[in-house]
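Reading through the structure tokens given below for one structure.
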Amino acid sequence: MITLTMSAAYSHEPVLLEESIKALLIQRGGRYIDCTVNGGGHAAAILEESSPGGQLLGIDADPEAIKVAKERFRSFGSNAILVNENFRYLENICNRYGFRPVHGIIFDLGMSSLQLEASGRGFSFQQDAPLDMRFSPRQSLTAADIVNTYSEQELAGLLQRYGEEHRGKQIARRIVERRPLRSTLELSRVVEEAVGGRRGKIHPATKTFQALRIVVNEELESLQLALEQALNLLGSGGRVVVISFHSLEDRLVKEFLRRESQGCLCPPSVPVCVCGHKPNLKIVTKKAVRPSRSEIQANPRSRSAKMRVGERI
Ligand SMILES: C[S@@+](CC[C@H](N)C(=O)[O-])C[C@H]1O[C@@H](n2cnc3c(N)ncnc32)[C@H](O)[C@@H]1O
51 MITLTMSAAY SHEPVLLEES IKALLIQRGG RYIDCTVNGG GHAAAILEES SPGGQLLGID
111 ADPEAIKVAK ERFRSFGSNA ILVNENFRYL ENICNRYGFR PVHGIIFDLG MSSLQLEASG
171 RGFSFQQDAP LDMRFSPRQS LTAADIVNTY SEQELAGLLQ RYGEEHRGKQ IARRIVERRP
231 LRSTLELSRV VEEAVGGRRG KIHPATKTFQ ALRIVVNEEL ESLQLALEQA LNLLGSGGRV
291 VVISFHSLED RLVKEFLRRE SQGCLCPPSV PVCVCGHKPN LKIVTKKAVR PSRSEIQANP
351 RSRSAKMRVG ERI
């Protein structure tokens, strides 16, 4: 059983902690990357399990999160390197620190409880804040730019594609009628109006907020790029562990593992292989691993989590 000492100021509960740490097959003195280190829930367990001598490279796009992690892991000195960057530059970051090959890489996607609750970030439809939603202040596009400048058609398309929102057209029409929209509560009210009020447990703005966050942070593109680079960084037998929170991410991870576990990728109509693709990974999780009932009870945010694992051949 992994127990973590957490700073009182930091209250993000790491999801699938036990399962993900087990999946990483942590070795003493091993070298690991946490691509979404945030306050360091998973990272703390990695450092604990790999000590003495384990090394961690922790990455996060959010400078506030990196500040918290640096403070938390100060006592590990140069064994804990913390970098405020987007994980889409994973290989570049590793080259800069001479941090390769590695024994394991973990992604725990999305946002932390702190980011969701911190006022001013605009991730939550339950707290009033400017429509921002950027993980990093260095990014330029905000959620306000999207809702106030995209055409009705573009808005409907992104709500359908990234929110899997079947009422995307209705919501887009109402956004365009009501804009400019400046705050999260204004937007969530407009979505409620568009769909005719609240029904059921899920807030009607959930999918709209998900879609905007994905577009603002180019989340799917970044994940695809980072997974491809992860392959080049893992030593033989090294593992990549991905915890995702919505079906678009999970589909991308599943497809990546499937493709990279295969040999030739030529279409069946090509008689002799011309692609030369070789299997790079073995799939460890035939089915996605879900949190236990007791974890979901203790931490309802974990309910949509799915973990998939691949092992470098
Ligand atoms: C769910 S939290 C991670 C929590 C952490 N595993 C823990 O237990 O404390 C996800 C983190 O990933 C970061 N993040 C999301 N996309 C990112 C990206 N493309 N590059 C770097 N960090 C990213 C967010 O800023 C956030 O801090």
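Numbering of the sequence shown is given in the numbering used here, commencing with residue 51 and proceeding in unit increments.
All C-beta atoms in this analysis are idealised placements derived from N, C-alpha and C, irrespective of residue type, glycine included.
Just so it is clear, the structure is predicted and the values come from calculations on it, not from any experiment.
Note: residue 82 is bridge-paired with 106, 154 in the DSSP secondary-structure output.
Taken atom to atom, the span from the alpha-carbon of residue 321 to that of residue 68 is near 46 Å. In this structure, residue 216 has its CB at a distance of at least 7 Å from all heavy atoms of ligand 1. Between the beta-carbon of residue 224 and that of residue 281 there is about 44 Å, and that puts the pair past the 8 Å contact cut.
Between residue 74 and residue 291 the beta-carbon gap is near 6 Å, inside 8 Å, which marks them as a contact. In the structure shown, residue 190 adopts coil according to DSSP, grouped into three states. Distance from the C-beta of residue 142 to the nearest heavy atom of ligand 1 is not below 7 Å. Residue 130 carries a strand assignment under DSSP once its states are collapsed to helix, strand and coil. Per DSSP, the continuous alpha helix (DSSP H) segment holding residue 143 begins and ends at 140–147. In chain order, 327, 328, 329 place their CB closer than 7 Å to the CB of residue 313, counting only its own chain and leaving out the 5 sequence neighbours on each side.
Here the C-alpha atom of residue 218 lies approximately 11 Å from the C-alpha atom of residue 255. Residue 94 and residue 82 have their alpha carbons spaced roughly 12 Å apart.
Cβ atoms of residue 181 and residue 172 come within 8 Å of each other, at about 5 Å. In the three-state scheme derived from DSSP, where H, G and I count as helix and E and B as strand, residue 339 is classed as strand. Between residue 187 and residue 65, the alpha-carbon positions lie close to 26 Å from each other. Residue 267 places its beta carbon less than 8 Å from that of residue 184. Between residue 80 and residue 104, the C-beta spacing is below 8 Å.
In this structure, 96 is the residue among 62, 96, 90 with its C-alpha nearest to the C-alpha of residue 71.
Residue range 356–362 is occupied by the beta strand (DSSP E) that includes residue 358, with no alpha helix (DSSP H) assigned at that position. Following the DSSP letters along the chain, one finds residue 264 inside the alpha helix (DSSP H) bounded by residues 256–266. Ligand 1 never approaches residue 192 closely enough for any of its heavy atoms to be under 7 Å from the residue's Cβ.
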